[in-house]
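Engineer:
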Amino acid sequence: MEEISLCIMTRELCQELYRDWQNDPAIYMDMDKFEPYQYNEAVVDRYFISKQSPSRVLFAIMKGSTPIGELQLKQIDWECKECTLSIHLQNDAVKGHGYGTAAEKLALKYAFDTLGMNAVNADTVIKNTRSQHVLEKVGFKYIEEKGGFKYYRFVR
Ligand SMILES: CC(C)(COP(=O)(O)OP(=O)(O)OC[C@H]1O[C@@H](n2cnc3c(N)ncnc32)[C@H](O)[C@@H]1OP(=O)(O)O)[C@@H](O)C(=O)NCCC(=O)NCCS
């Protein structure tokens, strides 16, 4: 497997990533809300700007020099030293090759070693068994099911 790294997202990487983006039905609780993704440069720029915040780190998941996904450490609570991980790979071509697992491991290391977090949370819609499997594989513990979501937590 080609090496995966995390890189702080830039406007340019965000544009490159979203040019070939596909929304994944697995993350929709209500499939009436699912729509195939349509690239629009201005919308991506607005999205990128909207994610810049002291309570969030937005990463591009890189395969070599190519962005293949997005990973966020968000809802960073600097006092409680907790945050929430979310991840979405670019499209089906890059899923199922171990890249998501590798990226989550790197994100946990970054959260604990670089951000000084004590715990990382994650949640998935109930039907998203692939994401649940990967979270458990990298060491998240299942906490509870509530409001259509399964909640996970990794405590250092
Ligand atoms: C979830 C996601 C990040 C996982 O990354 P990935 O690179 O596709 O996953 P990996 O190849 O690292 O690992 C997939 C694992 O899930 C298993 N798997 C695949 N489909 C599965 C399913 N339907 N149910 C349970 N496990 C499944 C694979 O066998 C593999 O496990 P193994 O290594 O023990 O054999 C990626 O698929 C993705 O971006 N999906 C769309 C967005 C999403 O669901 N994000 C999470 C929101 S909470």
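Going by the numbering used here, the sequence shown opens with residue 1, and the numbers climb by one from there.
Glycine included, C-beta positions come from ideal geometry on N, C-alpha and C.
Report the start-end ranges of each beta strand (DSSP E) in the segment 43-99 that is 3 residues or longer and not cut off at the edges.
Structural biologist: Runs found: 57-63, 66-77 and 82-89.
Engineer: Would you report the Cα separation of Leu13 and Tyr142, rounded to the nearest angstrom?
Structural biologist: 33 Å
Engineer: Does the Cβ of Val57 lie closer than 6 Å to at least one heavy atom of ligand 1?
Structural biologist: no
Engineer: Does the beta-carbon of Asn121, which I'm using as the reference point, lie nearer than 6 Å to any heavy atom of ligand 1?
Structural biologist: no
Engineer: Within 10 angstroms of the Cβ of Asn118, are there 16 or more other Cβ atoms? Answer buried if so, exposed if not.
Structural biologist: exposed
Engineer: Does the distance from the C-beta atom of Ala60 to that of Pro54 stay below 7 Å?
Structural biologist: Taking 7 Å as the cut-off, the beta carbon of Ala60 is found no closer than this to the beta carbon of Pro54.
Engineer: Measure how close the beta-carbons of Gly69 and Ala103 come, nearest whole angstrom, since I'm counting them as under 8 Å.
Structural biologist: 7 Å
Engineer: For the segment 72-86 and the segment 115-134, state whether three or more C-beta atom pairs, one from each stretch, are separated by less than 8 Å.
Structural biologist: Note that the segment 72-86 touches the segment 115-134; at least 3 beta-carbon pairs, one per stretch, sit closer than 8 Å.
Engineer: Quick one: residues in its chain with C-beta nearer than 6 Å to the C-beta of Arg11, no 5 flanking neighbours on either side, listed in chain order?
Structural biologist: Here the set comprises Phe48.
Engineer: Expressed to the nearest angstrom, what Euclidean distance is found between the alpha-carbon atoms of Lys137 and Arg156?
Structural biologist: 15 Å
Engineer: Alpha carbons only, please: which of Ile76, Tyr99 and Ala26 is nearest the one belonging to Leu184?
Structural biologist: Because residue 184 is not part of the residues shown, which for the chain are 1 to 156, the question remains open.
Engineer: Quick check on Ile126: does DSSP put it in helix, strand or coil?
Structural biologist: coil
Engineer: Taking DSSP as the reference, what is the three-state secondary structure of Val155?
Structural biologist: strand
Engineer: What residue range is occupied by the uninterrupted beta strand (DSSP E) comprising Glu145?
Structural biologist: Lys141 to Lys146
Engineer: Out of Glu41, Tyr28 and Glu3, state which residue places its alpha-carbon closest to the alpha-carbon of Gln15.
Structural biologist: Glu41
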